[in-house]
Amino acid sequence: MARLLGTLRSSQPVARFQRSCGLFPAGEEGGGSGSGDPAEGPRERGACNGAGALRCPAGPGRAVPGPQDCTQKYIVKNYFYYYLFKFSAALGEEIFYITFLPFTYWNIDHSVSRRMIIVWSIVMYIGQVSKDILKWPRPLSPPVVKLEMRTNAEYGMPSTHAMAATAISFSFFVATTNQYKYPFELGLAAAFVFSTLVCLSRLYTGMHTVLDVIGGALISAGLLMLLYPAWDTIDHLLLTSPFCPLFSIVVPLVLCYNYPKLDYYSPTRGDTTTILGAAAGATVGFWLNNQYSASAYTSKSVQPGFALITSAMVFVLARFLVGILVVLLTRRAMKSLVLGMLGYRYKFPIGDLAARRRLEVEVPYKFVTYSCVGFTATVVVPLLHELLGLL
Numbered sequence: 001m002a003r004l005l006g007t008l009r010s011s012q013p014v015a016r017f018q019r020s021c022g023l024f025p026a027g028e029e030g031g032g033s034g035s036g037d038p039a040e041g042p043r044e045r046g047a048c049n050g051a052g053a054l055r056c057p058a059g060p061g062r063a064v065p066g067p068q069d070c071t072q073k074y075i076v077k078n079y080f081y082y083y084l085f086k087f088s089a090a091l092g093e094e095i096f097y098i099t100f101l102p103f104t105y106w107n108i109d110h111s112v113s114r115r116m117i118i119v120w121s122i123v124m125y126i127g128q129v130s131k132d133i134l135k136w137p138r139p140l141s142p143p144v145v146k147l148e149m150r151t152n153a154e155y156g157m158p159s160t161h162a163m164a165a166t167a168i169s170f171s172f173f174v175a176t177t178n179q180y181k182y183p184f185e186l187g188l189a190a191a192f193v194f195s196t197l198v199c200l201s202r203l204y205t206g207m208h209t210v211l212d213v214i215g216g217a218l219i220s221a222g223l224l225m226l227l228y229p230a231w232d233t234i235d236h237l238l239l240t241s242p243f244c245p246l247f248s249i250v251v252p253l254v255l256c257y258n259y260p261k262l263d264y265y266s267p268t269r270g271d272t273t274t275i276l277g278a279a280a281g282a283t284v285g286f287w288l289n290n291q292y293s294a295s296a297y298t299s300k301s302v303q304p305g306f307a308l309i310t311s312a313m314v315f316v317l318a319r320f321l322v323g324i325l326v327v328l329l330t331r332r333a334m335k336s337l338v339l340g341m342l343g344y345r346y347k348f349p350i351g352d353l354a355a356r357r358r359l360e361v362e363v364p365y366k367f368v369t370y371s372c373v374g375f376t377a378t379v380v381v382p383l384l385h386e387l388l389g390l391l
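Put into structure tokens, the structure is as follows:
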């Protein structure tokens, strides 16, 4: 068993998977310069070995090992897998969360959205903290080709992309299976394919070992099974308890300010604060809507089997476009406002990246910004939809 775990934790299976999908380091035998699209030539990406790596020389001004300024050329021989897994990797990023989660609230069902957001925030917090406690390195490069730089600054175990994909896909499946008439097998297969694609994308991009991905998916599945029996109870408390707004703001803030400390800067604390902030704002919005009996989107907004071009689809598209525009504008405005206020308070220029990474700046900056985003998505946007006659 120990030997198997050691193999799954090593970089070689990741490198073999990349080669089998047509991704090679430039100059490697079998991946000659004539491969792939000759008009593009070798691409450059980060070749650092993850958080705490010592293999790359320190960049200018770096006193502690961390994400380094190394580059690596690679060659793509199979562009189908390249674009498939690049797209799949994006399904675990902010761009997916900020579009899909509000979409479910505006167009599918409030209860489905609430359950997904609660599960997502709990799973992601546990995953992010686990990374910085375990401190397992990411795959080594070489032999692995690294296609991303930002997440390379984090530790590897568990894969939070795998955790989020498993949590979101299967919580969506479980929450909708009794509300919509569709084949159980089809929903299960869709959830499995979605999570599998995201998991495999972490191997293809060279960001995780096989053990990181399997561990992330299993942890997420375990947490989902633990939370499922308490779904209705948690949902009821979040909607009716007078302490919900205070709990939803104070507890995530305490968790963010007491996030595990590292020897160098990692984006995990900022990402965790973003997630908990968005969930906190959305939860306050859920509670407020319930207290004042705000108009709810019905589960009839989307029904399988109806013609593609219908008035219902026009309403779905209109709600999404109006909503996402307001959400993105809110995020942009709050980023500028909050960062400006913090810059004035702590006397640093807005462009000072080092200052923005300080605990007393990063946590309130991210938390306030994204709590406003979550609140806007669940309160302001529905009011605008009602005003425009889109409910």
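Its first residue numbered 1, the sequence shown is counted upward by one per residue in full-length UniProt numbering. Even for Gly, the Cβ is constructed at its ideal location relative to N, Cα and C. No experiment lies behind these values; they were computed from the predicted model shown.
According to DSSP, is residue i helix, strand or coil?
i      : result
Tyr155 : coil
Leu387 : helix
Ile214 : helix
Asp132 : helix
Tyr265 : coil
Asn107 : helix
Met1   : coil
Glu185 : helix
Ile350 : coil
Ser293 : coil
Arg138 : coil
Met124 : helix
Ser10  : coil
Glu94  : helix
Tyr180 : coil
Asp37  : Any reading at Asp37 is ruled out, since the residue's pLDDT is 36, under 50, leaving its predicted position unreliable.
Phe306 : Low local confidence applies: a pLDDT of 42 at Phe306 is under 50, so the model's placement there is unreliable, with the coordinate-based value given in what follows. Note: Phe306 maps to coil in three-state DSSP.
Thr209 : coil
Ala63  : Since pLDDT at Ala63 reaches only 32, below the 50 mark, its modelled position is unreliable, and the value read off the structure follows with that caveat. DSSP places Ala63 in coil when its eight states are reduced to three.
Pro382 : helix
Pro102 : helix
Ala58  : Note that Ala58 has pLDDT 35, beneath the 50 cutoff, so the model's placement of it is unreliable and the number below is only indicative. Coil at Ala58, not helix or strand.
Ser299 : Below a pLDDT of 50, predicted positions are generally treated as unreliable, and Ser299, at 46, falls in that range; the measurement from the model is reported next regardless. In this structure, Ser299 counts as helix in the three-state DSSP scheme.
Which first and last residues belong to the beta strand (DSSP E) in which residue i is found?
i      : result
Leu147 : Note, Leu147: premise wrong, no beta strand (DSSP E); not H, not E.
Going by DSSP, name the residue or residues bridged to residue i.
i     : result
Ile75 : Phe24
Just to check my reading of the structure: residue i and residue j have Cβ atoms closer than 8 angstroms, yes? What is that Cβ distance to the nearest angstrom?
i           : j      : result
Ser171      : Leu224 : 6 angstroms
Cys256      : Thr273 : 5 angstroms
Thr104      : Met116 : 6 angstroms
Leu23       : Tyr204 : 7 angstroms
Ile275      : Ser130 : Actually they do not touch by this definition, with Cβ atoms about 14 angstroms apart.
Lys73       : Ala26  : 4 angstroms
Leu101      : Ser113 : 7 angstroms
Ser159      : Val76  : About 23 angstroms separates the two Cβ atoms, so there is no contact after all.
Val14       : Val210 : 7 angstroms
Cys199      : Ala175 : Not really, about 21 angstroms apart at Cβ, beyond 8 angstroms.
Thr376      : Phe286 : With 8 angstroms as the limit, Thr376 and Phe286 do not qualify as a contact, their Cβ atoms being about 13 angstroms apart.
residue 392 : Val322 : The chain is shown from 1 up to 391; residue 392 falls before or after that span and cannot be answered.
Gly277      : Lys366 : 6 angstroms
Gly206      : Lys146 : 4 angstroms
Pro357      : Tyr265 : It should be noted that the sequence gives Arg, not Pro, for residue 357. So it is a contact: roughly 5 angstroms between Cβ atoms.
Glu362      : Gly216 : Not a contact, Cβ separation roughly 24 angstroms.
What residue range does the alpha helix (DSSP H) around residue i cover?
i      : result
Tyr344 : Ser311 to Tyr346
Glu360 : Leu359 to Phe375
Arg356 : Leu353 to Arg356
Phe247 : Cys244 to Tyr257
Thr160 : Thr160 to Thr176
His236 : Trp231 to Thr240
Is residue i close to the ligand FAD? I mean its beta-carbon at under 7 angstroms from any heavy atom of the ligand.
i      : result
Leu218 : For the structure depicted, the ligand FAD is absent and the ligand set is empty, with no information on it obtainable.
Determine whether the Cβ of residue i lies closer than 8 angstroms to any Cβ atom of chain B.
i      : result
Glu154 : This model lacks chain B altogether, as it is built from one protein chain only.
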